[in-house]
Amino acid sequence: MNSILKTENLHKEYLLETGPIEILKGIDIEFNRRELVCIMGPSGSGKSTLLGILGTLDIPTCGQVYLEGQELTNLSEADLSSCRANKIGFVFQSFNLISTMNAMENVMLPLFGLKGVRRGDIRNRAAKLLELVGMGERFKHLPSQLSGGQQQRVALARALVNTPAIVIADEPTGNLDEETGKTIIDLICSLRDDLDMCFIIATHDPSVARRADRVIHLRDGLITNIEMIKG
Ligand SMILES: Nc1ncnc2c1ncn2[C@@H]1O[C@H](COP(=O)(O)OP(=O)(O)OP(=O)(O)O)[C@@H](O)[C@H]1O
Ligand SMILES: [Mg+2]
């Protein structure tokens, strides 16, 4: 089966003092293995809200999310957190590396506390991934000793260290210049192909969206268009 993540009639509502506001108004979408999907839409259209729910960081007001066939909305907080730790990788606009830890330590971090990973394997896996993202020479650099593009490479390695089923990235090139952003997307495309991975990326950048397999356009909490991009 190629499908990896699926939503049905996803709604998200916030209760404000002035009354409820609906942010997501019924999202039905399916994501596949070995796919790069971009989510585009004006600021406030609900991209980050959707990514938060897809990544189990947030829960929908109603509707379902299925990850590898498993319904997530009924899981306990502990099961959700274990699902997140095992199956999902995250990349953020501002890299979110721990400033007091070097590149290697940042990448190893998600594996501490994961059941079934032998301690000796943690360093090996982190080292392999840092090599893979082109950071083999900089294991011991602190984030402050790395450029933005290099920090995002380390963040990508960190997102991959638990061999996730999907990687969710919220404007991963938003803080990078065009050329550096392109190298990050090049890397994501090769990881998609080599690791059979699904990347879901929110972006405002049309040059990023052009590299996607599909672009989902969101407006006011609804999908307005799904664009298939020819490679
Ligand atoms: N915790 C919250 N409480 C109330 N409203 C919220 C909350 N989180 C988000 N919103 C609202 O939800 C809407 C969608 O926000 P979201 O962050 O998903 O937009 P976005 O498409 O990611 O925008 P951007 O492109 O600026 O990142 C916004 O109007 C925002 O004010
Ligand atoms: Mg956002």
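Counting with the numbering used here, you get residues 384 to 614 for the letters of the sequence shown. Beta carbons are placed, not taken as given, at the ideal position from N, Cα and C, and that holds for glycine.
Near ligand 1: residue i beta-carbon under 7 Å from a heavy atom
{"i": "G452", "result": "no"}
{"i": "G424", "result": "yes"}
{"i": "S459", "result": "no"}
{"i": "L399", "result": "yes"}
{"i": "G427", "result": "yes"}
{"i": "I406", "result": "yes"}
Heavy atom of ligand 2 within 7 Å of residue i beta-carbon
{"i": "S431", "result": "yes"}
{"i": "D553", "result": "yes"}
{"i": "A592", "result": "no"}
{"i": "M585", "result": "Going by the sequence as given, residue 585 is Ala instead of Met. For ligand 2, at least one heavy atom lies less than 7 Å from the Cβ of A585."}
Separation of residue j from residue i, as counted between CA atoms
{"i": "G615", "j": "A510", "result": "Here the chain covers residues 384 to 614 and nothing more, so residue 615 does not appear."}
{"i": "V550", "j": "I436", "result": "13 Å"}
{"i": "I471", "j": "S464", "result": "10 Å"}
{"i": "R536", "j": "L601", "result": "28 Å"}
{"i": "P604", "j": "S477", "result": "Inspection of the sequence shows that residue 604 is occupied by Gly rather than by Pro. Roughly 24 Å between the two C-alpha positions."}
{"i": "E610", "j": "R501", "result": "43 Å"}
{"i": "N469", "j": "G429", "result": "26 Å"}
{"i": "T546", "j": "L539", "result": "12 Å"}
{"i": "N392", "j": "K408", "result": "8 Å"}
{"i": "T643", "j": "I406", "result": "Outside the displayed span of the chain (384 to 614) sits residue 643, for which this structure offers no information."}
{"i": "M491", "j": "I505", "result": "6 Å"}
{"i": "E561", "j": "P403", "result": "39 Å"}
{"i": "R597", "j": "I612", "result": "6 Å"}
{"i": "N608", "j": "A585", "result": "15 Å"}
{"i": "F475", "j": "C445", "result": "26 Å"}
{"i": "L574", "j": "M580", "result": "7 Å"}
{"i": "L570", "j": "T401", "result": "45 Å"}
{"i": "D486", "j": "R541", "result": "The amino acid at residue 486 is misidentified as Asp; the sequence shows Ala. Approximately 9 Å, taken between the alpha carbons."}
{"i": "S527", "j": "L513", "result": "17 Å"}
{"i": "T563", "j": "S386", "result": "31 Å"}
{"i": "L434", "j": "G531", "result": "23 Å"}
Local conformation of residue i per DSSP, three classes
{"i": "L543", "result": "helix"}
{"i": "D588", "result": "coil"}
{"i": "G499", "result": "coil"}
{"i": "K470", "result": "helix"}
{"i": "E391", "result": "strand"}
{"i": "L513", "result": "helix"}
{"i": "Q447", "result": "strand"}
{"i": "D579", "result": "coil"}
{"i": "R597", "result": "strand"}
{"i": "Q453", "result": "strand"}
{"i": "D411", "result": "strand"}
{"i": "A461", "result": "helix"}
{"i": "L440", "result": "coil"}
{"i": "R331", "result": "No statement about residue 331 is possible, as the shown extent of the chain runs from 384 to 614 and does not include it."}
{"i": "R602", "result": "strand"}
Original post:
Does the pairing of the region 447 to 462 with the region 511 to 525 give three or more beta-carbon distances under 8 Å?
Top reply: no
Original post:
Taking three-plus beta-carbon pairs below 8 Å as touching, is the region 416 to 433 in contact with the region 576 to 593?
Top reply: Segments in contact, yes.
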